[in-house]
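Trainee:
Numbering (the working numbering), first residue to last: 75 to 312.
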């Protein structure tokens, strides 16, 4: 398929999408190399980082995935709204998104990068799930590691990210944004294992990868996350 045809398909696809989701394509994300070094900024629409053709050529951006547990140790999952451009209608972890080119969400050092994704996580937890920042203070977030993964959503869209994994344990109040989240539920370990085996549930590729590799090991260490934190700050390629 030619670049010109791909571009036409992308523009046609966007024009038919939900207006709010189209607007979010104007957000300016952080472009990185394979070592997570910042190499620039661009809007999702401008840099076309979710376009499958560019993903196949290695274009990378920074992202984060939040895993929020209540005080009982149950994990909050969300089902992505059908309005979403990538991976609509799929179950996934509590919140997944991108730090942006805004004050406080990026930096050159690893310390600033981690602080930046925590701030971005606060912002998106409120945007998607209505969770106030006061219920998820920055100091409660635990950075565990970074993973790089690549996945196709359909014949046009996909993801290629270096994803910061954040765990947090807090009891929160939810007010779902229906443009982002269709529904949400808390699950224990057995619930999640059953869901992963059940054909009635479909999951985002990054969540499946994490569940089948580290998820339950990390979950077992919820009260001692420092023991499973990647202190070397290496990137896990998945």
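Idealized CB from N, CA, C, for every residue including glycine.
Going by DSSP, what residue range makes up the alpha helix (DSSP H) through residue 193?
Mentor: As a working note, residue 193 is residue 119 in the chain shown. That run of the alpha helix (DSSP H) goes 184-203.
Trainee: Once DSSP output is grouped into helix, strand and coil, what is the label at residue 174?
Mentor: Position 100 of the chain shown holds residue 174. Of the three classes helix, strand and coil, the one that applies to residue 174 here is strand, per DSSP.
Trainee: Give the range of the beta strand (DSSP E) segment to which residue 159 is assigned.
Mentor: Here residue 159 refers to the residue found at position 85 of the chain shown. Where residue 159 is concerned, there is no enclosing beta strand (DSSP E), given that its DSSP letter is neither H nor E.
Trainee: Can you give me the C-alpha to C-alpha distance between residue 265 and residue 148, rounded to a whole angstrom?
Mentor: Within the chain shown, numbered from 1, the residue matching residue 265 stands at position 191. Within the chain shown, numbered from 1, the residue matching residue 148 stands at position 74. Taking the straight line from one Cα to the other gives about 10 Å.
Trainee: By the DSSP assignment, the alpha helix (DSSP H) with residue 269 in it spans what residues?
Mentor: Walking along the chain shown from the start, residue 269 turns up at place 195. Looking at the DSSP string, the run of the alpha helix (DSSP H) that includes residue 269 is 263-271.
Trainee: Exposed or buried, what is residue 313 when buried is set at 16 or more other beta-carbons lying within 10 Å of its beta-carbon?
Mentor: The question about residue 313 has no answer, for the chain in this structure spans 75 to 312.
Trainee: Helix or strand or just coil, what does DSSP make of residue 237?
Mentor: Against the chain shown, residue 237 aligns to sequence position 163. Residue 237: strand per DSSP, three-state reduction.
Trainee: Mapping the DSSP letters down to three states, classify residue 312 as helix, strand or coil.
Mentor: The residue you call residue 312 lines up with position 238 of the chain shown. Residue state, collapsed to three classes: coil.
Trainee: Is the CB-CB distance between residue 242 and residue 216 below 8 Å?
Mentor: Here the question's residue 242 lines up with position 168 in the chain shown. Here the question's residue 216 lines up with position 142 in the chain shown. In contact: residue 242 and residue 216 (Cβ atoms closer than 8 Å).
Trainee: Does residue 224 come out as helix, strand or coil in the three-state DSSP assignment?
Mentor: For this step, residue 224 is matched to residue 150 along the chain shown. Strand, per DSSP.
Trainee: Below 8 Å between beta carbons: does that hold for residue 259 and residue 151?
Mentor: Translated into the one-based positions of the chain shown, residue 259 becomes position 185. Translated into the one-based positions of the chain shown, residue 151 becomes position 77. Taking 8 Å as the Cβ cut-off, residue 259 and residue 151 qualify as a contacting pair.
Trainee: Helix, strand or coil for residue 277? Go by DSSP, reduced to three states.
Mentor: Position 203 of the chain shown holds residue 277. Correct three-state label for residue 277: strand.
Trainee: Measure the CB-CB distance between residue 299 and residue 218 and report whether it falls below 8 Å.
Mentor: Indexing the chain shown from 1 puts residue 299 at position 225. Indexing the chain shown from 1 puts residue 218 at position 144. In contact: residue 299 and residue 218 (Cβ atoms closer than 8 Å).
Trainee: If you run the structure through DSSP and keep just helix, strand and coil, what is residue 295?
Mentor: Stepping through the chain shown from its first residue, residue 295 is reached at position 221. Coil at residue 295, not helix or strand.
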